[in-house]
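Data first, discussion second: the structure below is written as structure tokens.
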Amino acid sequence: MGSSFIWLRRMIKGVTWKHPLIVAVLIILDPLDAVIRFFRGTGRLPRMSVRVRSTGIRNEFGGRQYHEAGQFFCRILKDLAGLRPESDVLEIGCGSGRAALALTDFLDRGTYTGMDIETVSLNACRRNRTLKRRGYRFDLMDIYSEEYNPGGRLKAEEYAFDYPDASFDVIFMTSVFTHMLPGAVSNYIAEIGRMLRPGGRCLFTTFVMDAGTEGYGIAFPYNHVDYCLFQEHFPEKAVGYFLHYLDREFGRVWCRRTGDPVLGPWRDVETVIEYPKTDFAQDIVVYEKG
Ligand SMILES: C[S@@+](CC[C@H](N)C(=O)[O-])C[C@H]1O[C@@H](n2cnc3c(N)ncnc32)[C@H](O)[C@@H]1O
0 MGSSFIWLRR MIKGVTWKHP LIVAVLIILD PLDAVIRFFR GTGRLPRMSV
50 RVRSTGIRNE FGGRQYHEAG QFFCRILKDL AGLRPESDVL EIGCGSGRAA
100 LALTDFLDRG TYTGMDIETV SLNACRRNRT LKRRGYRFDL MDIYSEEYNP
150 GGRLKAEEYA FDYPDASFDV IFMTSVFTHM LPGAVSNYIA EIGRMLRPGG
200 RCLFTTFVMD AGTEGYGIAF PYNHVDYCLF QEHFPEKAVG YFLHYLDREF
250 GRVWCRRTGD PVLGPWRDVE TVIEYPKTDF AQDIVVYEKG
């Protein structure tokens, strides 16, 4: 599987999930994926041809990896971000609902709002019966991104979130700052600080550059003061951040880091002992609003 994936990556230039050949194959495989998910009890997950927009195509068939990552997100939100059944939660860059679906097993009186810039994934969330039944809300952000929304009208670095001050207990992002440059990240952090309630927490996954820039299958050789890039010609493909930058930007809005980052296994280090290994490999950082 590993070598055939590398062969496929070499053959296909650009973003894998957008390639017409890949899209056609995924659509053909969707019904089989649905049957497997039905027997695994994960029929509520979106179609594989939609899931890959959030996850990439590797190991996505059958949905096990998607399901396990969702459960992992729910667990770290409880353990590290103080998520409670009655929390009001905002997820920025919710994709096709990987975390939202897992949260339906835990959130009770609380509310969930998801936002994304990519229409196909967001519409899949809006149509999902489990998410609809729970009253989860999904808002589209019409923001430009070369990979995810080339027709977007707004700039992430100027985007104003349409929610009142102090309206959320938990705000989280999984694999989103990894696709954003500092101007945009600084704006989102300022808005997150505004929207968090005192004592509320922001959890996000990223590549923390302080702990090393070389990983298994990915490296960040293009070094800038606050961040490093995987590719210079396509910066938003993958971005890693230094903690001094994140601490400074969160500090401006009275948010303090709750502790050292939880280092994920993308550098080939053993993942955090207390969490079972999943294929989700990024580092985890948490800030709390004072
Ligand atoms: C790798 S996917 C992860 C999706 C989801 N968080 C998950 O873990 O399943 C990255 C997501 O971030 C979204 N995204 C990219 N740039 C964004 C931005 N500036 N604001 C909000 N979402 C963004 C993309 O549309 C995409 O859904």
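Throughout the sequence shown, residue numbering follows numbering that gives the first Met the number 0, covering 0 to 289 in sequence. Glycine residues also receive a C-beta, built at the ideal position from the N, C-alpha and C atoms.
Kindly indicate the opening and closing residues of the alpha helix (DSSP H) around residue i.
i    : result
L79  : R63 to A80
F38  : P19 to R39
M301 : Given that the chain is displayed from residue 0 to residue 289, the structure contains no residue 301 and the question cannot be resolved.
Looking at residue i: is its Cβ nearer than 8 Å to the Cβ of residue j?
i    : j    : result
T177 : T205 : yes
R43  : V119 : no
F241 : L228 : no
G71  : F203 : The residue asked about is misnamed: residue 71 is Phe in this sequence, not Gly. No. Outside cutoff.
G289 : W265 : no
C201 : F160 : no
Y147 : I116 : yes
G109 : D78  : no
R133 : D168 : no
Y135 : A101 : no
S185 : E248 : yes
V238 : M179 : yes
E156 : G182 : yes
T112 : D141 : no
G263 : D246 : no
I290 : Y187 : One cannot answer for residue 290 here, as it falls past the ends of the chain, which runs 0 to 289.
Y226 : Y244 : yes
R256 : V284 : yes
W368 : I75  : As displayed, the chain neither begins before 0 nor continues past 289, which places residue 368 out of reach and without an answer.
R97  : G69  : yes
E231 : Y221 : yes
L251 : A189 : Before going further, note that residue 251 is Arg rather than Leu in the sequence given. Yes, the Cβ-Cβ distance between R251 and A189 is below 8 Å.
M194 : L89  : yes
Beta strand (DSSP E) containing residue i: first to last residue?
i    : result
L139 : R136 to L139
T205 : L195 to T205
V291 : Any property of residue 291 remains undetermined from this structure, which presents the chain solely from 0 to 289.
Which residues does DSSP pair with residue i in a beta bridge?
i    : result
E287 : R200 and R255
D282 : T205
E213 : A218
Taking 7 Å as the cut-off, is the beta-carbon of residue i closer than that to any non-hydrogen atom of ligand 3?
i   : result
H66 : Summarising the ligand content, the structure contains ligand 1 and does not contain ligand 3.
Whole alpha helix (DSSP H) elements within the segment 216-262, 4-residue minimum: The segment 216-262 contains these whole alpha helix (DSSP H) runs: 242-251.
Any 3 or more C-beta pairs closer than 8 Å across the segment 75-85 and the segment 102-119: In short, these stretches touch, since the Cβ pair count reaches three.
Every unbroken beta strand (DSSP E) within the segment 76-164, with a cutoff of 3 residues, ordered by chain: 87-91, 110-115 and 136-139
Using 8 Å as the Cβ pair cut-off and three pairs as the minimum, do the segment 120-134 and the segment 34-50 touch? yes
Under 8 Å, with one C-beta from each stretch per pair, do the segment 134-146 and the segment 60-71 reach the 3-pair mark? no
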